[in-house]
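Just so you know, the protein sequences line up as chains A and B, in that order.
One point on numbering: in this note's numbering, the residue at position 115 of the first sequence is 115, and numbering is uninterrupted.
One point on numbering: in this note's numbering, the residue at position 114 of the second sequence is 114, and numbering is uninterrupted.
Quick reminder that beta carbons are idealized off the backbone N, C-alpha and C, glycines included.
Only one structure is covered here, and it is reproduced in the block below.
There are 2 protein chains.
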Amino acid sequence: MPTPSLLDGLIEALRCMPGIGRKSAQRIAYQLLERNRDGARKLAGALMQAMDQIGYCGRCRTFSETSICHLCNSQSRDRSLLCVVESPADVCAVEETGYKGLYFVLMGHLSPLDGIGPEDLGLEQLETLLAQGETKEVILATNPTVEGEATAHFISDIVRRHALQVTRIAHGVPMGGELEYIDSNTLSRAISGRRAF
Amino acid sequence: MPTPSLLDGLIEALRCMPGIGRKSAQRIAYQLLERNRDGARKLAGALMQAMDQIGYCGRCRTFSETSICHLCNSQSRDRSLLCVVESPADVCAVEETGYKGLYFVLMGHLSPLDGIGPEDLGLEQLETLLAQGETKEVILATNPTVEGEATAHFISDIVRRHALQVTRIAHGVPMGGELEYIDSNTLSRAISGRRAF
C-alpha cells in the first residue's frame, strides 16, 4: 500500500507558492488538517474563484475583475498623472502613499536575456493611452534595478515623443536609515540628487 | 466602487496558513495570478480533496485516507515496538531514521492551561492498544519541552501499569553540534545520560 497519496499531493501542490519549500509545505498541510479545515476549504474556494475571474484592466493592465479597474474608472483621481510601475503589488505600495493619479502596470521589465521585449510590457497600449491627451505627466516608478532603469529610459523616450513631462521617482537615503550603513551607490545618488533646504 | 474584492478575499484566505502574514499572502496571490494559475487551481483541488477525505487512523490516530493507516496495516513492521509521538509530522521525522515499529500519535500534548487533558490525547485508545498484547516496548518520543516531558511521564505510568517496557528517546548534544554553543540544560542531560564507550 502506498503512503497517503492525498497528503503527499497536497504537500506537493502547496509548493507552487513562492517561498514555500518542502518543510513549510508539510507544516502548512499538517496544521490545516489538524486545526483549520474550514479555513483551508475557504482558501480553496477563494483560489479557484480568483484564478477564474480575475483578469487584467484593459486600460492600465493591473489585475481586475472588471474590464476596466476601479482606479481607472474612478472620477476622483487626477487623470493628468500617470505612474508607470512594474507590478500590481507596486500599485498597492504607491496607493499607500496617498498618490491620487492613475497607473500603468508593465507586468515586468525589459529583460532581453529572458526574451521580454517592449511588446510584452504593453508599451503600444501605453502609447495609445498617451495619445488620448488626458495625461500631462508620466512618473516612472520602475524598480531601481538594472532592468528597471533600462525600462525607465526606454519609456522616457516614448513619453518625450508625445511631448509630455516625464519624471523619475527620487533615489536616495531611505527615511530612518543610517548613512553609515547605506551602500555607496545609493549615497552617491542621494548626493547628486540633493535639493535646496 | 470597492477595491477588487476577489483579490482581497484571496489574500485574506491565504493568511489561514501558518507563517503567512499579510505581505507574504499578497506576494503569493500576485505571483500565482501572474505566473501560475494552473498551479493555483491544482492547489485548490488538492486542498478541497485533502480536507474532505483525510481522516484519522482508528488505531494510531495519525492522518489517513483509510480507516486504518498503511503503517498500522503493514505486515513488515515490528509490531512489538510502539513509538508515541505528538504529531503526524513527528511520524515522518521518525520514519526517516529507518525505525520499523508502529506509532501512536497523541495529536498534541498535555496542557492543562489550554484545557488539553488525557482524554484529548486518546490515552484510553492507547490503553486498549496496549491491552491487545502485541506491544512489548513503548518508546516515548514526545518533544523535550515542559509539556512533552509531562506527557511522557503521564504515559509512562500507564505503560508500567500494563507491565511493559517503557523507554524515552535520548536527549543530548545533537550530531554536528559544538559543545561551546550548546545550552547548559542540554549538556547536563548529555553528561548525566553518558554511556560506556
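Rounded to the nearest whole angstrom, the C-alpha separation of residue 186(B) and residue 121(B) is 27 Å.
A check of alpha carbon separations from residue 80(A) across 130(A), 47(A), 110(A), 10(A) identifies 130(A) as the nearest. Here the C-alpha atom of residue 55(B) lies approximately 11 Å from the C-alpha atom of residue 37(A).
Distance from the CA atom of residue 179(B) to the CA atom of residue 188(B), rounded to whole angstroms, is 11 Å. Look at residue 63(B): its C-beta is under 8 Å from a C-beta on chain A. A residue is called buried when at least 16 other Cβ atoms come within 10 angstroms of its Cβ; residue 97(B) does not meet this threshold and is exposed. Contact annotation: in the segment 78-99 of chain B, residues whose CB is within less than 8 Å of a CB in chain A are 87, 88, 89, 92. Residue state for residue 38(A) is assigned as helix, using DSSP reduced to three classes. Between residue 106(B) and residue 117(B), the CB-CB gap reaches or exceeds 8 Å. When rounded, the separation of the alpha-carbon atoms in residue 146(A) and residue 87(A) is 16 Å. Only 34, 35, 36, 37, 38, 39, 40, 41, 42, 43, 44, 45, 46, 47, 48, 49, 50, 51, 52, 53, 54 from the segment 34-59 of chain B bring a Cβ to less than 9 Å from some Cβ of chain A. Listed as beta-bridge partners of residue 167(B) by DSSP are 139(B). In summary, the residues of the segment 98-124 of chain A whose CB is separated from some CB of chain B by less than 9 Å are 107, 108, in the order they occur in the chain. The beta carbons of residue 83(A) and residue 101(A) sit about 6 Å from each other, so the pair counts as a contact at 8 Å.
Residue 28(B) belongs to the set of residues whose beta carbon lies under 8 Å from a beta carbon in chain A. Contact between residue 16(A) and residue 40(B) holds, since their C-beta atoms are separated by about 7 Å, short of 8 Å.
Straight-line measurement puts the Cα of residue 44(B) at about 15 Å from the Cα of residue 12(B).
Remark: C-beta atoms of residue 10(B) and residue 47(A) approach each other more closely than 8 Å.
Judged by their CB atoms, residue 103(B) and residue 62(B) are nearer to each other than the 8 Å cut-off.
For residue 76(A), the secondary structure class from DSSP, reduced to helix, strand or coil, is coil. Interface annotation for the segment 139-161 of chain B against chain A: empty, criterion Cβ-Cβ distance under 9 Å. In this structure, DSSP gives residue 63(B) an extended state, which the three-state scheme calls strand.
In the structure shown, the three-state DSSP call for residue 173(B) is coil.
Leaving aside the five residues that flank residue 64(B) on each side, the residues in its chain whose CB is nearer than 6 Å to its CB run, in chain order, 57.
Look at residue 154(A) here: in three-state DSSP terms it is helix. Here residue 103(A) carries a strand assignment [DSSP, helix/strand/coil]. DSSP lists 111(B) as the bridge partner or partners of residue 116(B).
Here DSSP, grouped into helix, strand and coil, assigns residue 92(B) to helix. Between residue 119(B) and residue 158(B), the C-beta spacing is not below 8 Å. Under the Cβ criterion of 8 Å, residue 72(B) is not counted among the residues facing chain A. At a C-beta separation below 7 Å, residue 13(A) has these neighbours in chain B: 42, 43, 46.
For residue 174(A), the nearest beta carbon of chain B is not closer than 8 Å to its own beta carbon. Under the DSSP assignment, residue 190(A) falls in the alpha helix (DSSP H) whose first and last residues are 184-192. The C-alpha of residue 177(B) lies about 58 Å from the C-alpha of residue 166(A).
If you draw a straight line from the Cα of residue 114(A) to the Cα of residue 50(B), it is about 37 Å long.
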